[in-house]
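These protein sequence lines map, in sequence, to chains Z and C.
Going by the working numbering, the first residue of the first sequence is number 1, and it counts up by one from there.
Going by the working numbering, the first residue of the second sequence is number 1001, and it counts up by one from there.
Report on the following structure.
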Amino acid sequence: MCTLEKRGRVLILTLTGSGEHRLGPGLISSLRSALATARSDPTVAALVTAGEGRFFSNGLDLAWAKNSSEGISTLVRLVKPLIADLISLPMPTVAAVTGHASAAGMMLAVAHDYVYMRGDRGVLYMSELDIGLPFPDYFMDLMQAKITDPRTLRDVTLRAKKITGTEAKERGIVDKVCQSASETVAEAVKMAEELAGRNWDKGVYASIRLSVYPKLCKSLEIPQESDEAVRKHFASRL
Amino acid sequence: MCTLEKRGRVLILTLTGSGEHRLGPGLISSLRSALATARSDPTVAALVTAGEGRFFSNGLDLAWAKNSSEGLSTLVRLVKPLIADLISLPMPTVAAVTGHAAAAGMMLAVAHDYVYMRGDRGVLYMSELDIGLPFPDYFMDLMQAKITDPRTLRDVTLRAKKITGTEAKERGIVDKVCQSASETVAEAVKMAEELAGRNWDKGVYASIRLSVYPKLCKSLEIPQESDEAVRKHFASRL
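In structure tokens:
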């Protein structure tokens, strides 16, 4: 479902196989496990997430949901702590969007600090309006945190626009557009290595990220740091 | 530490000397005193803040903090009402960023309504991640109020990027880039004179600014106007 590869201080998490990498209980669990590994390894200083094949991730596993008595709401509930894991991960994160990223798959991508995407094929697409579904609250909070241009936010949410890597870069959703999937991964790893080389305190990095996105953190039920914890950061410095 | 010069209806506040203009109790007090003078002089209709030498302000006086028992938290506590003074000042404010503006020094600059900066040298830089410190809450609220592009906010807070005047203009942090320190001041004064010439009601100007930045005002403990006070603005007009 996913693999981990260590390259120096960078951990590369790859969604494997030629399928749609849809988020069902199995893949969600594998991803959370991989992120837990990243979190607990003191030698890891940055994360890259990529996909094999035509898809980065095409969203929730709706087929699984159809066959389950609790359906979609279970998957929505299971994806929330996965997004929370990314938003609270104590290191810089880079998404290498190597193929289509839709709905929950697009949320997975934009939950990273940096988003690199191929420009030759693949789109970002919030399909919910086309399918006839409203957004889970934490999806909307994530979009509001990462897409602040009102017309872009409207096109993503109220127009279900399919956005190429090139357009996403122009509109500020993506940091860098590359010519192919492999170039996207290579550039993402290069960026991750550069960020790892800054030797930032990982706890402070996470602390700052939480303070940049307070509403999203509340939505994802990530506790804000206590004053005590914040004081410790200050004390350790001076 | 700082001087005041009146030019028509514009008050020019200059951080003097060739040093780093670091914010310690002495300079903070001088600046607050100068802003109180601006506030209380009915003939003053706009403020320009500039610096002499290579620095606009390089942030908190960490050397003072080291030698004081309460240290950094005292300075963080003392700078808050200084920023509040600027955010509540009943007139347009223009920062002439004549040199490096880092950490609290960058906060001082962006707390102004307009930010003019030299492009030939000097950077804006939130150094906290590099130093290993989280941001005081009102710093983050100020940044969120003034830097809404998510990638720029990320680069400032989670990448500790050193941003030149030219890049700052491109990315929407700065209004105008000038060729030198003196040109930056001259252009800032020209803008201040133009704004003063609009003859706006100073109380209404302050009222509107508070309403534009409600979260920041709460963070800075600036009370929102009472309904009574707002009614008075309306009553005096019609």
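Virtual Cβ for every residue (Gly too), placed ideally from N, Cα, C.
For this session: Go through the region 34–93 of chain Z residue by residue and report every complete run of the alpha helix (DSSP H) that reaches 4 residues or more, in order.
Result: The qualifying runs are 62–67, 72–87.
Fill in: Enclosing alpha helix (DSSP H) for C/E1167 [first to last residue]
For C/E1167, the uninterrupted alpha helix (DSSP H) segment begins and ends at 1165–1170.
**Asked** What does DSSP give as the partner residues of Z/E5 in its beta bridges?
**Response** DSSP output for Z/E5 lists Z/I12 as bridge partner(s).
TODO: Measure the beta-carbon distance from C/F1075 to C/D1061 and round it to whole angstroms, keeping in mind my assumption that it falls under 8 Å.
DONE: Checking the sequence shown, residue 1075 of chain C turns out to be Leu, not Phe. Contact flag correct, Cβ pair sits at about 7 Å.
* Asked: Closer than 8 Å, CB to CB, is Z/Y205 near chain C or not?
  -> Z/Y205 counts as touching chain C.
Given 8 Å as the limit, is there contact between the region 216–233 of chain Z and the region 1022–1035 of chain C, that is, 3 or more CB pairs closer than that?
Put simply, the region 216–233 of chain Z does not touch the region 1022–1035 of chain C. Fewer than three CB pairs are less than 8 Å apart.
Helix, strand or coil, according to DSSP, for Z/Y213 in the structure here?
Z/Y213 falls in the coil class under three-state DSSP.
For the candidate residues C/L1129, C/E1221, C/C1002, C/R1022, whose alpha-carbon lies nearest to that of C/L1142?
-> Nearest to C/L1142 by alpha-carbon distance, out of C/L1129, C/E1221, C/C1002, C/R1022, is C/E1221.
(request) Can you check the region 1147–1210 of chain C for any alpha helix (DSSP H) of at least 4 residues that lies completely inside it and give the ranges in chain order? (result) Counting only runs of 4 or more, we get 1150–1157, 1165–1170, 1181–1196.
**Report entry** Residues bridged to Z/G107 (per DSSP)
**Finding:** At residue 107 of chain Z the sequence reads Met, which differs from the Gly that was named. Paired residues: none, contrary to the question.
Can you find a C-beta in chain Z that's less than 8 Å from the C-beta of C/T1148? By this cut-off, C/T1148 is an interface position.
On the criterion of 16 or more Cβ atoms from any shown chain inside 10 Å, does C/N1058 qualify as buried, or is it exposed?
Residue burial is scored here from C-beta neighbours: C/N1058 has at least 16 other C-beta atoms within 10 angstroms and is therefore classed as buried.
For C/G1026, the first and last residue of its enclosing beta strand (DSSP E):
Here C/G1026 belongs to no beta strand (DSSP E); instead the alpha helix (DSSP H) covers 1025–1040.
(message) Does the CB of C/T1074 have a neighbour CB from chain Z at under 8 Å?
(response) With 8 Å as the cut-off, C/T1074 does not count as an interface residue toward chain Z.
When DSSP builds the beta bridges, which residues end up paired with C/E1005? In the DSSP output, where bridge partners are listed per residue, C/E1005 has C/I1012.
- Query: So with Cβ pairs under 8 Å, would you call Z/G172 a contact of chain C?
  - Reply: Under the Cβ distance rule, Z/G172 counts among the residues neighbouring chain C, one pair being separated by less than 8 Å.
(message) Just to confirm before moving on: does the CB-CB distance between Z/N58 and Z/R22 stay below 8 Å?
(response) Yes.
**Report entry** Span separating the alpha-carbon of Z/E170 from that of C/H1021
**Finding:** Their backbone Cα atoms lie some 39 Å apart in a straight line.
Review point. Touch check for the region 1160–1172 of chain C and the region 1120–1127 of chain C: three-plus C-beta pairs under 8 Å?
Key: With the rule of 3 Cβ pairs closer than 8 Å, the region 1160–1172 of chain C counts as touching the region 1120–1127 of chain C.
Can the beta-carbon of C/S1236 be found closer than 8 Å to that of C/E1225?
Remark: C-beta atoms of C/S1236 and C/E1225 do not approach each other more closely than 8 Å.
Span of the alpha helix (DSSP H) around Z/T152:
Annotation for Z/T152: the continuous alpha helix (DSSP H) segment containing it runs 150–157.
Fill in: With 16 other Cβ atoms within 10 Å as the buried cut-off, status of C/Q1144
Buried is the call here.
Measuring only the C-alpha atoms, how far is Z/D141 from Z/A46? If I take the Cα positions, the gap works out to 24 Å.
| request: With 8 Å as the threshold, decide whether the Cβ of Z/A145 is near any Cβ in chain C. | output: Z/A145 counts as touching chain C.
Compare the Cα-Cα distances from Z/A145 to each of Z/V115, Z/C178, Z/A111 and report the closest residue. The shortest Cα separation from Z/A145 among Z/V115, Z/C178, Z/A111 belongs to Z/A111.
Secondary structure of C/A1045, DSSP reduced to three states: Coil.
Cβ-based neighbour list, Z/T184, same chain, cut-off 6 Å, excluding 5 preceding and 5 following
Same-chain partners within the cutoff: A96, T98, Y116, R118, C178.
| request: Starting from Z/K161, follow the beta strand (DSSP E) in both directions and report where the run begins and ends. | output: Taken as a continuous stretch (DSSP letters only), Z/K161 belongs to no beta strand (DSSP E), as it is neither H nor E.
- Give a yes or no on whether 8 Å exceeds the smallest Cβ distance from C/G1059 to chain Z. With 8 Å as the cut-off, C/G1059 does not count as an interface residue toward chain Z.
Inset, instruction - Kindly indicate the opening and closing residues of the beta strand (DSSP E) around Z/Y125. - result: In the DSSP assignment, Z/Y125 falls within the beta strand (DSSP E) that extends over 123–125.
Is the distance from the Cβ of C/G1051 to the Cβ of C/L1015 below 8 Å? C/L1015 sits close to C/G1051, with the two beta carbons spaced by under 8 Å.
**Asked** Since Z/R118 is in the beta strand (DSSP E), which residue starts that stretch and which ends it?
**Response** That run of the beta strand (DSSP E) goes 114–118.
Please list the terminal residues of the continuous beta strand (DSSP E) segment that includes Z/S180.
Counting along the chain, Z/S180 falls outside any beta strand (DSSP E), and DSSP gives it neither H nor E.
- Task: Could you tell me how far apart the beta carbons of C/M1107 and Z/S211 are, in whole angstroms, since I believe they sit closer than 8 Å?
- Result: With 8 Å as the limit, C/M1107 and Z/S211 do not qualify as a contact, their Cβ atoms being about 14 Å apart.
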